[in-house]
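What follows is a set of notes on a single structure, which appears directly below.
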Amino acid sequence: MENVLSPAVTESIRNAERDARTMGPDVRSELREAVARGHGLADRLASDVRTAAGELSDRARGALSESRRRASRAVDRVSDYADENTALVSLAVFGVGLLFGALAARRR
Numbered sequence: 051m052e053n054v055l056s057p058a059v060t061e062s063i064r065n066a067e068r069d070a071r072t073m074g075p076d077v078r079s080e081l082r083e084a085v086a087r088g089h090g091l092a093d094r095l096a097s098d099v100r101t102a103a104g105e106l107s108d109r110a111r112g113a114l115s116e117s118r119r120r121a122s123r124a125v126d127r128v129s130d131y132a133d134e135n136t137a138l139v140s141l142a143v144f145g146v147g148l149l150f151g152a153l154a155a156r157r158r
C-alpha cells in the first residue's frame, strides 16, 4: 500500500504521537496528586465537622442539665411555699375550682 502522506506530515504525526505518549504518565501522576489532595481535604473537613458536632453536643448537654436543675429548683420552691402556706394554697385551689365550675355551668 502506498503512503499518501508527505514525509513532513508523517514526521509531524510521529512527533505528536511521541509527545502524547510522554504526556500520559504526567497527566496520570497529576490526577493521582489531585485525588490525594481531595482525600486530604475531605478528611480534614470530616474531622472539623466531627469536632464542631462534638462541641455542639456538649453545649446542648450542658444546657439541658442546667434547665433540669433550674426546673427542679423551681419545683422545690413551689413545694416549700405550698407546705408553708397550706391554708392560702387550699383557698386558691378552691377559688380556681369555683371559677372552672362557674365557667362550665355557663356553657351548658
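First residue of the sequence shown? That's 51 in the numbering used here, and the numbers climb one at a time after it. A virtual CB, placed ideally from N, CA and C, is assigned to each residue, including glycine. This structure is a prediction, so every number in the text was calculated from the model and none was measured.
Under the three-state DSSP convention, the category residue i falls into
i, result
"residue 65", "helix"
"residue 122", "helix"
"residue 56", "coil"
Boundaries (first-last residue) of the alpha helix (DSSP H) holding residue i
i, result
"residue 140", "136-157"
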